[in-house]
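Below you'll find the structure, written out as structure tokens, and then a few comments.
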Amino acid sequence: MDEILDVELGLESLCLSGIQPRDFGLNLLWRNCKNIKKLQLNSCESLGDYATFSGFIMRQKFLQEVELRTCRSIVDGGLMRLAENCVSLDFLLVYEGGSREGLHQFTSQSKCKLRKFDFRLPLDLDNSHFIAITENMNFRSLESLRLQSCSLVTGEGLKVLGRVMGNGIEELALINCDVVEREFGLLTTLGQDLKRLRKLDLSYNEMLLVREFISMLVSCNCLSELKLRGCNRLRSSSVNSMIRNCKLLQSIDILDCGGIEVEAVELFLLNSPQLRKFKVEQSKISNVSRTWLTNKFIEVV
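Note that the numbering used here has the sequence shown beginning at 59, numbered continuously upward.
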């Protein structure tokens, strides 16, 4: 019966949610998807027969993107198979999950030339994984590193990564990361090392200090996108630094930045000629700002 149903499916994108240990019937799917480019697994506790899934991964010659969201019980197994087989993998997102050993095996042994890492709530991610990334020659093309709520990461690991791979990284996100508030001087060092940084996301670092932020911006002259949502400690004085150092900025998010006032928003708008997208509370948009936004066709979200 299985042989009769073995017909190759022409899928390039596959998204599966809520797979449980007792869910059967996936083998047919794993066998007949051979050209997947994007794989998403959401809230999955099982992958069916692991041998068949391993065969599925081995057949994927064009797999470029993998997202594992709240799949704690299968992350390690999935990462191991990706590390061994997926040379074409370009983007990896892990949202909650991955043991210290599983993450280390992937970062140290992966054969893929990954360009984008996105780790969200990886409870066991620590400095050793960043050191492994810098030592794995296959990751030397890394362009984007996004971290969210990484409590075990310290400045040491990030500084090593910035020092070794800084010339290639164009996007950095440190969202709600304790290390931003805990280690004075970290952002300054990263700003100096990441010479090609185009996108910076420091959202929800509520205790981010103005002087730390300004010190980083002095070296970040190529930013086109900046996200500061929820950085409540930032003040209007930080806007002056953005005007001086971020002349190429096209998109900015300053929602929930209570310390940045109406006058500062107006000043920023009038002095940001490249701006195309602006996220801010409507209550902070003055009549002058509104006219400017309309005349310059700037999108307000």
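Even for Gly, the Cβ is constructed at its ideal location relative to N, Cα and C.
Worksheet item: Bridge partners of I233, per DSSP?
Response: Per DSSP, Q206.
Worksheet item: What does a CB cutoff of less than 7 angstroms around S157 pick up in its chain, not counting 5 residues either side in sequence?
Response: Excluding positions up to five away in sequence, the list reads D134 and D182.
Fill in: Cβ neighbour criterion (16 or more within 10 Å) applied to Q78
Exposed, because fewer than 16 other Cβ atoms sit within 10 Å of the Cβ of Q78.
Practice prompt. Kindly indicate the opening and closing residues of the alpha helix (DSSP H) around F111.
Written response: Bounds of the alpha helix (DSSP H) holding F111 are Y108 to R117.
Worksheet item: Where does D60 sit, in a helix, a strand or coil, going by DSSP?
Response: Unreliable placement is indicated for D60, whose pLDDT of 49 sits below 50; no coordinate value is reported for it.
Worksheet entry | Residues of its chain near I62, where Cβ-Cβ distance is below 8 angstroms and the 5 sequence neighbours each way are ignored | With a pLDDT of only 46 at I62, under the threshold of 50, the placement of this residue in the model should not be trusted; the figure read from the coordinates follows. Around I62: no qualifying Cβ.
Worksheet item: Helix, strand or coil for L72 per DSSP?
Response: Strand.
Worksheet entry | Terminal residues of the beta strand (DSSP E) in which E123 lies | E123 to R127 is the span of the beta strand (DSSP E), which, as asked, contains E123.
Worksheet item: Cα-Cα, which of E201, L244 and V238 is closest to E229?
Response: Taking only the C-alpha atoms, the option nearest E229 is E201.
Fill in: Span separating the alpha-carbon of V323 from that of C235
For V323 and C235, the distance between alpha carbons rounds to 26 angstroms.
Practice prompt. Can you grab the Cα-Cα spacing for the pair L351 / I343, in whole Å?
Written response: Spanning the two alpha carbons is a distance of roughly 9 angstroms.
Worksheet item: Are there 16 or more other CB atoms within 10 angstroms of the CB of A403, so buried, or fewer, so exposed?
Response: Absent from the structure is residue 403, since the part of the chain shown begins at 59 and ends at 359.
Worksheet entry | Host beta strand (DSSP E) of I310 (start-end) | In the DSSP assignment, I310 falls within the beta strand (DSSP E) that extends over S309 to D311.
Fill in: Helix, strand or coil at E66 [DSSP, three-state]
E66 falls in the coil class under three-state DSSP.
Worksheet item: Using a Cβ-Cβ cut-off of 7 angstroms (strictly less than) and excluding sequence neighbours within five positions of L266, which residues of its own chain qualify?
Response: Around L266: V238, E239, L260, C289, R291 and L292.
Practice prompt. Give the straight-line distance between the Cα atoms of L99 and Q250, rounded to the nearest whole angstrom.
Written response: Going from the Cα of L99 to the Cα of Q250 covers about 37 angstroms.
Worksheet item: Does the beta-carbon distance from V15 to F177 come in below 9 angstroms?
Response: Since the first residue of the chain shown is 59 and the last is 359, residue 15 is not available in this structure.
Worksheet entry | Residue nearest to P331 in terms of C-alpha spacing, selected from G316, S166, Q340 and N353 | Taking only the C-alpha atoms, the option nearest P331 is N353.
Discussion item. Give me, in chain order, the residues of the same chain whose beta-carbon lies closer than 8 angstroms to that of T247; leave out the 5 immediate sequence neighbours on both sides.
Written reply: Excluding sequence positions up to five before and after T247, its CB lies within less than 8 angstroms of the CB of G213, K217 and G220, all in the same chain and listed in chain order.
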